[in-house]
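Colleague:
Chains as they are written, first to last, in our numbering: chain H, 6 to 202; chain D, 4 to 594; chain A, 5 to 276.
1) Give every residue of the same chain whose Cβ lies closer than 7 Å to the Cβ of residue 35(H), excluding the five residues on either side of it in the sequence, and list them in chain order.
2) Going by DSSP, what residues sit across from residue 546(D) in a beta bridge?
3) So with CB distances below 7 Å, who are the chain A contacts of residue 97(D)?
4) Going along chain D, which residues have a C-beta under 9 Å from residue 188(H)?
5) According to a CB-to-CB cut-off of less than 9 Å, which residues of the segment 49-65 of chain D neighbour chain C?
6) Can you tell me which residues form a DSSP beta bridge with residue 228(D)?
7) What number of angstroms, rounded off, separates the C-alpha of residue 250(A) from the C-alpha of residue 108(H)?
8) Along the alpha helix (DSSP H) that carries residue 110(D), what are the first and last residues, could you check?
9) Going by beta carbon distance, what residues of the same chain come within less than 6 Å of residue 16(A), once the five residues before and after it are set aside?
10) Output, in chain order, the set of chain H residues within a Cβ distance shorter than 9 Å of residue 139(A).
11) Residue 138(H) and residue 184(H) - do their beta-carbons sit closer together than 8 Å?
12) Residues bridged to residue 304(D) by DSSP?
13) Decide yes or no for the touch test of the segment 243-257 of chain D against the segment 201-219 of chain D: beta carbon pairs closer than 8 Å, at least 3 of them.
14) At 7 Å on the CB atoms, spell out the chain D contacts of residue 17(H), in chain order.
15) So, with DSSP's three-state summary, where would you put residue 567(D)?
16) How would you call residue 139(D), buried or exposed, if buried means at least 16 neighbouring beta carbons within 10 angstroms?
17) Output needed for residue 43(D): all residues of its chain with C-beta closer than 7 Å, excluding positions within five of it in sequence on either side, in chain order.
18) State yes or no: is the beta carbon of residue 29(H) nearer than 8 Å to at least one beta carbon in chain D?
19) According to the Cβ coordinates, are residue 15(D) and residue 70(D) closer than 8 Å?
20) Would you say residue 177(A) lies against chain D (beta-carbon separation less than 8 Å)?
21) Give the range of the beta strand (DSSP E) segment to which residue 202(D) is assigned.
22) If we require 3 or more residues per run, which beta strand (DSSP E) segments fall completely within the segment 77-125 of chain A?
23) Going along the segment 78-106 of chain H in order, which residues come within less than 9 Å of chain A, judged by CB to CB distance?
24) Exposed or buried, residue 452(D), counting other C-beta atoms within 10 Å across all chains shown (16 or more means buried)?
25) Going by the CB atoms, is the gap between residue 108(D) and residue 235(A) shorter than 8 Å?
26) Return the CA-CA distance between residue 406(D) and residue 27(H), expressed in angstroms with no decimal places.
27) What does the alpha-carbon distance come out to for the pair residue 460(D) and residue 524(D)?
28) Can you pull the chain H residues whose beta carbon is under 8 Å from the beta carbon of residue 7(A), in chain order?
29) Taking Cβ to Cβ, would you say residue 358(D) is nearer than 8 Å to residue 570(D)?
30) Taking the CB atoms as reference points, tell me whether residue 496(D) and residue 416(D) lie closer together than 8 Å.
31) In chain A, which residues lie less than 8 Å from residue 485(D) when you measure between Cβ atoms?
32) Would you say residue 127(A) reaches chain H, if we count a Cβ-Cβ gap shorter than 8 Å as a contact?
33) Identify every residue that forms a DSSP beta bridge with residue 188(H).
34) On a CA-only basis, which of 85(A), 36(A), 139(A) is nearest residue 91(H)? Give me that one, please.
35) Any idea what DSSP makes of residue 175(A), helix, strand or coil?
36) Does any residue of chain H bring its CB to less than 8 Å from the CB of residue 109(A)?
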C-alpha cells in the first residue's frame, strides 16, 4: 500500500532533473528569442502595456513541467527550479526572481490542485497561466516595479494584456509544446505518455 | 577461476509497457571476478540488460519482467535501487550526461556522500580514485572543460570511489576518439582482478583480449551463445557477421587466413590469436609465415586501404581545385583562444577527403567555415567554386559574407553530427519532400509527381520506405542517421560534407551508408567527411587533412599518411591493427 | 548567454555562506523596495558597487563590462515609469511638460528615477551575489541551511550543468536549419512558427539527457539513506555572523542618515 502510494505521488530523481532541464531549455529559448526579437523590443518596451505581452513566457517552464510530470508539486517545483536557474544565470532582479518563482509556482499549483491533479487539458492549463499572471502582478511585481503608482487606465490595460499573455504564452503554448514533443515518443517514462489523446 | 556466480539470470524476460519484448528468456550466470563482453547489434537490448543489473529496471523504468535476476544473491525485482546500486555500478556511453555536479571532486564525492561516508574518508577516496585513473590533482577541474576521454575516466573514478563489486560498462568508448578509447580501454584492462566486469562495447580492437567470455545477443533480445572469445570469434563468426557487429580485425583476418588455407591452426588449442602480440607469436612460429604475410598484404590492399583514387569526370583531366583555403584562422570569442590557426588547404573536385583529428581539434569548425556557417578571422582567404558552373580559374567570391554563404549552400550539402538538429517536419516523408521543395524554390525544375517519385526512391535507397509516416525523432539511431543523410542527399548537391556520419553506428549501418556515398562519389560528386575513425578513412578516403589543436598537421593522400607515423601518433590517431601487425611481422621476417 | 556568472576569487564575499548572503541581501532589497525617492537606492547602489570591487575583489573594468549591456534596459524602465506615473492622483502637481491629457510632473520624474535606480540597485546586489557565490555551494547551502530537499537541489544542479550544452545545441540547430534551406523569416508570426522547430529538438535532447543523468544519479546510490554527508563544508561560521551584524549596522546607519537629511520617503503615496 505504502509502496503504491509512493509510486503514484513520489517524486523520482528523474522527475526533478526533468523539471530542472525544462527550466534550462526555456532559459535558452528565452535568451534566443530576446535576440530574434531584439528589433521589436525598443518599441514594445516603450509602453508598459505592450511590455506585458511577453510576460507569459516567464511561467511556461512550470506549465510544461506540470504537463509532463503530472504530479502534485510539479508546477510549483517547475517555477522554483526555473527561478533558481535564472538567478544563477544572472538576472537583473536577483533575489526577487526567487520570490516570484515561489509566488508564480504557488499560483499555478493552486489551479492544478483545484482540479485534483487529474486534468491537464488546454482549459486548465490556460486558466493556470491566467491566474499566475494575475497573482504575480500584485506580488511581487507591483511592489518591485511600483505599479501601484501608475495611472489607473494603464494598470487596467497592463492587467488585461498580462492575463492574455499568461493564458496564451504561459499556459496554452506550454501545453502545445508538450504535445509536439510527446509525438516524438521521448516521454516514455512520464505520466504524460499514459494520456489518451 | 572462482566459480561463484555473482549475477544469475534465470529465464529472465523484460518488455516495455508498449509491448515490445526487449529481453527474451535470458539464462546466464556471471561469476565473481569474471570479465564478460555482451556483443550484439545496435538496439538489441544490451543497454536494457545493464539497467536491469542495478534495478533501474523495473524500479525506475516501467515495464514487465518475468523470471528471475539475482545480483549478489538479491532478487532485483524485490530490492530497491539504492541497495542494488551499492553492488553494481555503471559507466554510461554519453560522457556529457552522466554527471550531476560541476567539478571533478564533487562528482566523485557524490556516491560516497550518498553512503554517508565521513568527509575525511571521502577526500581520501577522491584522491585514490583519481590516481587510479591517472588524473592526479585534477580535483578542482570543471567537468565541462574536460575532453570526452577524461570525462569517462572521471565516471570510472566515481564508481571506484563507491567501490561496487560489479562494474558495468555500457559502450564507454563509443563517443571517444582513438586516443580517448585507448586510455579508457587500458584503464579497464588494469582494474583489480576481483571486480566482476560486464562490458558492452563494439570497438573491440582495443580490448578484445581482456575478456574471459563473450555473450552474443541477437536482435530479438536473446542470448544465443556464451563462450570464450576464441570459440566465439572462430566458431560463431558467421552469426556475428549476420548480426552486423564489428569484428575485431586481428582475429578476423587470422580466421580468414585459416579458412582460405583450410589446413592450418595457430596453436595447439586451435585458438585464434586476439591481439597483435599473440598474433605475432603465432605467425613467427608458424611454418606458413611467408604465406600469412602475403595474405595480409593482399587483404590490406583489398579491404583496409581500399580507398579508390580521386574520381574525375574525364579521367585524363587534371583535377580542378574546388576549395582553396589560405592562412585561415578563427576564434570563437573574437579575440582570445584561436580555434583554428594558419590553415592552408586545397580540396579538389572529385576528392573523397576526410578531415581527421581528435575531438576538439577543430574539424567541425573548419567545415562550418568552409561553407560559411561561421565567419573566418580577418586575413583568411577562402575560395569555394561551384563545380557545376563553368570550369576554369577559381574566383574569389564576391559580395558579403552572407551572400557567399547562400551561394555555397546552393551547391553544398552538410549533414550534421546530430541528425535531430536538422529535422524540421513531423514525418519521415515530409522531411525528404522539404529538401526537394527548397531546391524548387530556387530552380523550379520539379513538378509534384516528380518530387513524389524522387522522395520514394530516396526512401527506398535508405531502407526507410516502411517508416514514411513515422515521426523522425522516434526512429532508431541508425534510421535517424540515414534520414538525415537522405534529406540532404535528395537535394543533389555537387559537394557533400558529412560530420561524423558513422558515429555510433554498427557494421551494417556503416557499410550501407558508406556504399551509398561511394556511389555518389562515383557519379562525380565531391565528398568531405569529418571523422576520427581511421578504419573508415583508410577504407574510403583518397585524401585526408589531419588537424591537431587547430593547426593542420597533414594534408595529402591517405596512403602517404601511413608513412608518417610521427603525425599519426602526435595527433592521437591510430593505424588499422592489421596494418600494424603486418608491419611488425614483416620487419621480423626481414631480420 | 549569461549577464554575469560566478568568478572564482579569494575574498570576504566569496567566503561567506550563500544563504546568509542571500538573506541579508533580500532583507535590504525588501526595505529599499518600499522607499519612493531616488536617493536611497542610489546610495545603496554605491554600497553594492563598493562591496563588489573591495569585498569581492572584482576589477572595476569587469563590473562595468557586465553592467553596460543592461544600461538600455535600465533607461527603458526609467522612461516607462515616468510615462506611466499616475499624475492624476497628485494633490499639487508641479507640471514640467504637458500635451493634452498627458502630463509629466516633478513627481513622475522622481518616480521614474526611483524605479530606475532601484533596478540598478537590484542588479548590483544580484551581481554581487552571483559572481561571488559558487553555484554548487549555493545549492548545497539551500539544502543544508534552508532544508531544500536534496533531490531537488542535486536535480537542479544536474540541470544547470546543461546550460552551456543546450546553448550550443541551439546554435547548432540554427545552423542546421540554414543548411536545410530554411531561411530567416521576416515578421513576428513567421518567427513564432519557427519557434516550434527550435523548441522540439531542444526539448527532445533535454529530455533524453535528463533521463540519462537521473539514471546515472540513482545508479550512484542516491538516497541510499535518508540523510547524507557532504564533501563541501557549507556551514554558517563566525565570519557570517560578524558580516551580518556589520552589514545590518551599516544599512541602518545609512537609513538613519537619509532620514536625518529629510531624504527618506516610504510608500508610493509619498509622491502625491
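Where a beta carbon is used, it is the ideal one built from N, C-alpha and C, also for glycine.
Modeller: Taking the coordinates as given:
1) Taking the first chain and counting its residues from 1, the one referred to as residue 35(H) is at position 30. 62.
2) As a first step, residue 546(D) is located in the second chain; it is residue number 543 there, counting from the start. Partner residues in the beta bridge of residue 546(D), as assigned by DSSP, are 356(D), 560(D).
3) Here residue 97(D) refers to the residue found at position 94 when the second chain is read from its first residue. Identification of chain A residues near residue 97(D) by a Cβ-Cβ cut-off of 7 Å yields 216, ordered along the chain.
4) Sequence index remark: in the first chain, residue 188(H) carries index 183 (1-based). Those within 9 Å of residue 188(H) in chain D are 429, 474, 476, 477.
5) Of the protein chains in this structure, namely H, D and A, none is chain C.
6) By one-based count along the second chain, residue 228(D) stands at place 225. Partner(s): 219(D).
7) Residue numbering aside, residue 250(A) sits at position 246 when the third chain is read from its first letter. Residue numbering aside, residue 108(H) sits at position 103 when the first chain is read from its first letter. The alpha-carbon of residue 250(A) is positioned some 31 Å away from that of residue 108(H).
8) For the purposes of this step, residue 110(D) is taken as the residue at position 107 of the second chain. Per DSSP, the continuous alpha helix (DSSP H) segment holding residue 110(D) begins and ends at 107-117.
9) Locating residue 16(A) in the third chain gives position 12, counting from the first residue. Result list for residue 16(A): 59, in chain order.
10) For the purposes of this step, residue 139(A) is taken as residue 135 along the third chain, with counting starting at 1. When 9 Å is used as the limit between beta carbons, residue 139(A) is near these residues of chain H: 93, in chain order.
11) To locate residue 184(H), count along the first chain from 1; it is residue 179. To locate residue 138(H), count along the first chain from 1; it is residue 133. Here residue 184(H) is not near residue 138(H), since their CB atoms are 8 Å or more apart.
12) Locating residue 304(D) in the second chain gives position 301, counting from the first residue. DSSP lists no beta-bridge partner residue for residue 304(D).
13) By the criterion of at least three beta-carbon pairs nearer than 8 Å, the segment 243-257 of chain D is in contact with the segment 201-219 of chain D.
14) As a first step, residue 17(H) is located in the first chain; it is residue number 12 there, counting from the start. Per Cβ cutoff of 7 Å: 63.
15) Within the second chain, residue 567(D) is the residue found at index 564, counting from 1. Assigned with DSSP and collapsed to three states, residue 567(D) falls in coil, not helix or strand.
16) Translated into positions along the second chain, residue 139(D) becomes position 136. Exposed, by the Cβ-count rule.
17) In the second chain, residue 43(D) corresponds to position 40, counting from 1. Here residue 43(D) has 49, 219, 220, 221, 246, 248 as same chain residues with Cβ atoms under 7 Å from its own Cβ, once five neighbours each way along the sequence are excluded.
18) What you label residue 29(H) is simply residue 24 of the first chain in a count that begins at 1. Interface flag for residue 29(H) against chain D is unset, since no Cβ pair is found closer than 8 Å.
19) Reading the second chain from its first residue, position 12 is the one you call residue 15(D). Reading the second chain from its first residue, position 67 is the one you call residue 70(D). Against a cut-off of 8 Å, the Cβ pair of residue 70(D) and residue 15(D) comes out as a contact.
20) By one-based count along the third chain, residue 177(A) stands at place 173. For residue 177(A), the nearest beta carbon of chain D is closer than 8 Å to its own beta carbon.
21) The count along the second chain starts at 1 and reaches residue 202(D) at position 199. That run of the beta strand (DSSP E) goes 199-203.
22) Within the segment 77-125 of chain A, the complete beta strand (DSSP E) runs of at least 3 residues are 99-103, 106-109.
23) Going along the segment 78-106 of chain H in chain order, one finds 82, 85, 86, 89, 90, 92, 93, 94, 95, 96, 97, 98, 99, 100, 101, 102, 103, 104 with a Cβ nearer than 9 Å to chain A.
24) Indexing the second chain from 1 puts residue 452(D) at position 449. So residue 452(D) ends up on the exposed side.
25) Along the third chain, read from residue 1 onward, the residue named residue 235(A) stands at position 231. Along the second chain, read from residue 1 onward, the residue named residue 108(D) stands at position 105. Cβ distance < 8 Å, so residue 235(A) and residue 108(D) count as in contact.
26) Here the question's residue 406(D) lines up with position 403 in the second chain. Here the question's residue 27(H) lines up with position 22 in the first chain. Using only the alpha carbons, I get a separation of about 36 Å.
27) Here residue 460(D) refers to the residue found at position 457 of the second chain. Here residue 524(D) refers to the residue found at position 521 of the second chain. Across the structure, residue 460(D) and residue 524(D) are spaced so that their CA atoms are roughly 18 Å apart.
28) As a first step, residue 7(A) must be located in the third chain, where it is residue number 3. Residues of chain H with a Cβ closer than 8 Å to the Cβ of residue 7(A) are, in chain order, 94, 95, 96, 97.
29) Counting from 1 along the second chain, the entry for residue 358(D) is found at position 355. Counting from 1 along the second chain, the entry for residue 570(D) is found at position 567. No, they are not a contact pair.
30) Taking the first residue of the second chain as 1, we reach residue 496(D) at position 493. Taking the first residue of the second chain as 1, we reach residue 416(D) at position 413. Note that the C-beta distance between residue 496(D) and residue 416(D) is below 8 Å.
31) By one-based count along the second chain, residue 485(D) stands at place 482. Listed along chain A, no residue sits closer than 8 Å to residue 485(D) by beta-carbon distance, the nearest being about 16 Å off.
32) Indexing the third chain from 1 puts residue 127(A) at position 123. Closer than 8 Å: yes.
33) The sequence position of residue 188(H) within the first chain is 183, counting from 1. The partner list for residue 188(H) (beta bridge, DSSP) is empty, contrary to what the question assumes.
34) Taking the first chain and counting its residues from 1, the one referred to as residue 91(H) is at position 86. Answer by Cα proximity: 139(A).
35) Against the third chain, residue 175(A) aligns to sequence position 171. DSSP places residue 175(A) within a helical segment (H, G or I) once states are collapsed to three.
36) Taking the first residue of the third chain as 1, we reach residue 109(A) at position 105. Not an interface residue.
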